[in-house]
Each structure stands twice: as C-alpha cells, then as structure tokens.
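Working notes, beginning with the structure itself.
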Amino acid sequence: MIRVALRRLAASVLPPDPLPSAGDLLAWYDRHRRALPWREAARDPYRIWLSEVMLQQTTVAAVAPRWRRFLARFPTVAALAAAPWEAVAEEWAGLGYYARARNLHACAQAVVARGGFPDTVEGLRALPGIGAYTAAAVAAIAFGRPVVPLDGNVERVTARVAAVEEALPGARPRLAALAQGWMAQAPARERPADFVQALFDLGATICVPRSPACVLCPWQAGCAGRISGIAPLLPRKAPKPARPLKRGVHFLLSDSAGRLLLRRRPPSGLLGGMLGIPGTPWREEGWSTEEAMAHAPLASANWRALPGEAKHGFTHFELRMALLAATLPPGAAVEGEWLTPAAAAQALPGAMQRLLALAEAAGAVASDTA
DNA sequence: AACCCGGGGAT
DNA sequence: ATCCCAGGGTT
C-alpha cells in the first residue's frame, strides 16, 4: 500500500521515464547479433515459421541442427503438407511438445490450401499452432510488421527496463504494451524484424535470468531495474505447485529377429501420436504385478522383470517406469509395429528411450553402439 | 483462468 | 534440485 502510494506520488511529481532508445539497441544489434541459421537466408516465411515453432520452449542450441535437418527433409511448405504424419513424427522425435508437430503438419496443409502464408498478425493467428507469440514473431520477422512478440526474453527485458514489480502472468498485458510502445519509435518501426530480434538477443546474451551483464547493456543508462538494483529479481513470477510422482509398468516384447513391439499412441494427450512401448497408464498409485499384467500386449509369454526403473520428468509430474521383457512365442500374433532397436531409438520420445536404455543395460535388447 | 503438454542445458 | 527456454491448445 505504501509502495503504491509512493509510486503515485512520484508519478505526479517526477517527469515520465524516458523511453529506451531503439536506436541504441539497434546499433548494439548491428554489432553483436547472434549468427543463427534462420537469419542467414532471405525472409522465407516457411523457414521463419518453422524456426519459431521449434523455438517454442526449446533452446536455440537444440533447435539449430534440427531446423537444418527438418528443412533438408521437407524443403518447402508444400513438401511438408504432402508428407505422411509418420514421417513428420519421426523427424520431430526428441524435440518434445508433440502437439507442435501435429499442428505444424496441419498448418502446412492449411497454408498450401489457401495459397501461401498470410502476412498479417490476424491471418497468422488463425492457423493451427500459431498463437499470439508466433503470429507476432512471423509477422515482424518475415513480413516486417511493427509488432512485438512477447516471449520470455521480451518479458524479462521489459520488466527490468521499466522496473515492473507485478508478478507474471498478471503483468503480461502491461509488459506487452510497454514493448509495443518502444516499437512505435523511430527507428524501430522502420526495422521491425531487427528490433524484435534485438530484444531476443539482449535477453538471451546480456539481460539473462540470473546475473545479468548490465555493464555491457546498451540500455543500462535508462534501465529502471538496474538503477534501483532490483533487475536480477525481475520479472517476478507466481509460485509453481509441486509435481506429483506417477508410476507405470511397460512391456518390451522382442521377436525372433530382435525387433521390438511398439504401438502408436492416441493422437491427443500425453506424447500423442508418437510411437511408444506398450504399458499401463501412469498414475500416482503403484501397480501390482497382477494388475499390470492386464495391460500386457500378450498374456502368455516369458515375462521377466528387469532390474531398476526408468525415470523421466514431465512439466507437471515425475514418472518412474518399471519394465518387463519377453520374447514372442512362435505362432503368436500381437497388434503393433515391429522396429529394430536402432529404428526404435530414432522414433521414440525421450520417456520411451529411457526404457530402451534400461533394457540395454540389462542386456535384454541388442545395444546398437556400432 | 486453470490445466495440460517434453526435453535439454545452465546454475 | 531448480529454473529456464523465440508457447499453444483445451476446457
């Protein structure tokens, strides 16, 4: 209450904060911009869009090689649209947030159907997998629209420069308005693509979450957070709840050729549309052997428990999986797809790869270290 | 508004 | 162990 009163008093007595200089930031960007693969080519909306979707909650270092590999396999939006889902899923395996891949595929088909990418925020926003952030990012970077996408970098830079003490996510509209106000200045509005990427680079290389390098910052002189000494504490965030522990039991069935039984998971939900190793649902209560066996792909087989557990952390829960292994009895038929261990390691999400590693450590599958 | 959805790197 | 990352969809 006292703080709010003081801020009101200050606002009534002191002149308004000077706007950060877009020119200073752009001059810094011209000297220190990161060399990223999607900045090398001309402004191809397909390549920009692909990079933005891959970069959702995924680091630049992880995306760069996958972006190149994806484009080598699907060089155009038409090629992506025409590809079968299985090929897209295989190419996305390991990148996480698999709804991104499903929406990417649907978006490519929608873009081809309408004859190309829309060049406005509203048009982009209507496409599958394109939310407020990606619409603004593609509009600014690929089409030169003067809009600022609000990502984690821009949130952090803006909260610090303006010393916004309100916690996320409540502060988001205020931060977006502040950043959009900067874009309205010259020369930012003449270089929208560079200005938003300059904000990204500032947040990624100088205005980092912990220990920001304020002495190197082109905006240090006008940064209210630095001046008041609270920059490293911003932006404030609402506390997150603890993650529960869940357990599951999985079944690794090998045929006489050493191939493994996998099944395609349901198209929506956790790891949706991806291949998986058959198993029980994942729940907080543990599984008895009898109870788990009801979920086995084949009841009559030489199932044996492998030592240890596979652990995997998801955003909202921690997972521990036990693994039973068996070989396919002659003449038995089961539903699913048979893949070699090497092919499985290529196609499976990380959680399932943990199970494969457990099996390899127990000598239950051929380790493909060749 | 609340909840769901991966994986990897830095600290 | 925790935080963070060029977020989006569903209900």
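Mapped onto full-length UniProt numbering, the consecutive letters of the first sequence carry residue numbers 1 to 370.
Note that CB positions come from ideal geometry on N, CA and C, so glycine has one too.
Worksheet item: With a Cβ-Cβ cutoff of 8 Å, do Ala22 and Phe195 count as a contact?
Response: yes
Worksheet item: For Ala351 versus Leu319, is the C-beta spacing smaller than 8 Å?
Response: yes
Worksheet item: Around the C-beta of Leu245, are 16 or more other C-beta atoms found within 10 angstroms, so that it is buried, or is it exposed?
Response: exposed
Worksheet item: When we look at the beta-carbon of Gln353 and count the other beta-carbons within 10 Å, is it buried (16 or more) or exposed?
Response: buried
Item to complete: Tell whether a beta-carbon distance below 8 Å holds between Trp303 and Ala296.
Response: yes
Worksheet item: Taking Asp44 as the reference, which of Leu36, Met54, Ile141 has the closest Cα?
Response: Ile141
Worksheet item: Per DSSP, Phe251 is paired with what?
Response: Leu324
Item to complete: Following the continuous beta strand (DSSP E) through Arg264, name the residue where it begins and the one where it ends.
Response: 260–264
Discussion item. Pairs of beta-carbons, one from the stretch 272–279 and one from the stretch 217–231, closer than 8 Å: are there three or more?
Written reply: no
Worksheet item: According to the Cβ coordinates, are Asp201 and Tyr29 closer than 8 Å?
Response: yes
Worksheet item: Exposed or buried, which one is Ala11 when buried takes at least 16 other CB atoms within 10 Å?
Response: Only weak support exists for where Ala11 lies, its pLDDT of 44 falling under 50; the coordinates are left without a value.
Practice prompt. Would you kindly work out how many angstroms separate the C-alpha atoms of Pro192 and Thr59, rounded to a whole number?
Written response: 23 Å
Item to complete: Would you mind sorting Ala359 into buried or exposed? The rule is 16 or more other CB atoms within 10 Å of its CB.
Response: buried
Worksheet item: Near Leu178, which residues of its chain fall below 6 Å by C-beta distance, leaving aside the five closest residues on each side in sequence?
Response: Thr158, Ala162
Fill in: DSSP three-state assignment for Ala61, whether helix, strand or coil
helix
Discussion item. Between the alpha carbons of Asp255 and Phe74, how many angstroms are there, rounded?
Written reply: 33 Å
Discussion item. According to DSSP, simplified to helix, strand and coil, what is Trp282?
Written reply: coil
Fill in: Cβ neighbours of Leu150 in the same chain (closer than 7 Å, five flanking residues each side left out)
Tyr133, Arg172, Leu175, Ala176, Ala179
Discussion item. Considering only their Cβ atoms, is the gap separating Met293 from residue 371 smaller than 8 Å?
Written reply: Nothing about residue 371 can be read from this structure; the chain reaches only from 1 to 370.
Fill in: Environment of Gly129 [buried if 16+ CB atoms lie within 10 Å]
buried
Item to complete: Could you spell out the range, first to last residue, of the beta strand (DSSP E) harbouring Trp338?
Response: 337–339
Worksheet item: How many Å lie between Arg125 and Ala135 at the Cα?
Response: 5 Å
Worksheet entry | Expected contact under 8 Å - CB spacing of Val138 and Arg100 to nearest Å | With a Cβ gap of about 15 Å, Val138 and Arg100 do not count as contacting.
Worksheet entry | Span of the alpha helix (DSSP H), counted from its first residue to its last, around Gly350 | 350–361
Worksheet item: Shortest alpha-carbon distance to Trp49 belongs to which of Ala361, Leu261, Asn103?
Response: Asn103
Fill in: Beta-carbon contacts of Ala204 that lie in its chain and below 8 Å, excluding the five residues immediately before and after
Arg34, Val60, Asn153
Worksheet item: Under three-state DSSP, which class holds Gly96?
Response: coil
Worksheet item: What first and last residue would you give for the beta strand (DSSP E) that runs through His312?
Response: 310–313
Item to complete: Provide the residue span of the alpha helix (DSSP H) that contains Met274, from first to last.
Response: First-last for Met274: undefined, no H or E at that position.
Practice prompt. Note down the Cα distance separating Ala361 from Leu324, rounded to an integer number of angstroms.
Written response: 13 Å
Practice prompt. Quickly, what does DSSP pair Ser168 with across the bridge? List them, please.
Written response: Per the sequence shown, the amino acid found at residue 168 is Leu instead of Ser. Leu168 pairs with Lys237.
Worksheet entry | Contacts around Leu14, its chain only, beta-carbon distance under 7 Å, and the 5 residues preceding and following it disregarded | Caution is warranted here: a pLDDT of 43 is assigned to Leu14, below 50, making its placement in the model unreliable, and the coordinate value is therefore given only provisionally. Excluding residues within five positions, none has a Cβ falling inside 7 Å.
Discussion item. If the criterion is Cβ atoms closer than 8 Å, does the pair Ala81 and Val121 meet it?
Written reply: no
Practice prompt. Buried or exposed for Pro329, please, with buried defined as at least 16 other CB atoms from any protein chain shown within 10 angstroms of its CB.
Written response: exposed
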